[in-house]
Amino acid sequence: MTDLPPELRDLIASGPMAHLSTINADGSPQVTVIWIGVDGGDLVSGHMSRHVKLRNIERDPRVVLSFDAPRKPGVFLNPYAVLRARATVQPSEDAWDLLNRLAKTYISPDAEFPGEKTPGYLVRYSVERIGGVGPWAPTAH
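Residue numbering for the sequence shown is 1 to 141, as defined by UniProt numbering.
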């Protein structure tokens, strides 16, 4: 697993929507937009239903997460991050709690997650490689 640089942790904590790419059973890509958070050294997302993305991860744990940094006017190539990771799906009583915590970043500080508080799934992403443009990206040789 690759440690997340502080600048990348800060970017994730600021609440950019993450693009999660998984692999469908036929080998084609599947992309969805998710909320993402940091838990210890891992990235984590919460899900209340077992949608295609979760079934894809259970079959093939290789995923890519990408997100943009906030736009800066006049910048030719805005910073962004691309993370290659291995994901694991865990049934959990804590999925709603994670989504409720993330709602305070993604919706508003006083928001409550609107879904019913039922068991769901946590997905943990163990980052293997960090790329993109920004202080978190390795320098080219």
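For each residue, glycine too, the CB sits at the ideal point set by N, CA and C. Note that the structure is a prediction, hence the values are computed from the model and not measured.
As a beta-bridge residue in DSSP terms, Ser-92 pairs with Gly-120. Counting other Cβ atoms within 10 Å of its Cβ, Ala-95 reaches 16 or more and is therefore classed as buried. Around the beta carbon of Leu-4, 16 or more other beta carbons sit within 10 angstroms, so the residue counts as buried. The C-beta of Phe-76 has fewer than 16 other C-beta atoms within 10 Å across all chains shown, which makes the residue exposed. Within the region 29-79, the complete alpha helix (DSSP H) segments of 4 residues or longer fall at 52-59, listed in chain order. Around Leu-54, the same chain offers His-47, Val-89, Tyr-121 and Val-123 as residues with beta carbons nearer than 8 Å, after the five sequence neighbours per side are excluded. If you ignore the 5 residues before and after Arg-101, its C-beta comes within less than 6 Å of no other C-beta in its own chain.
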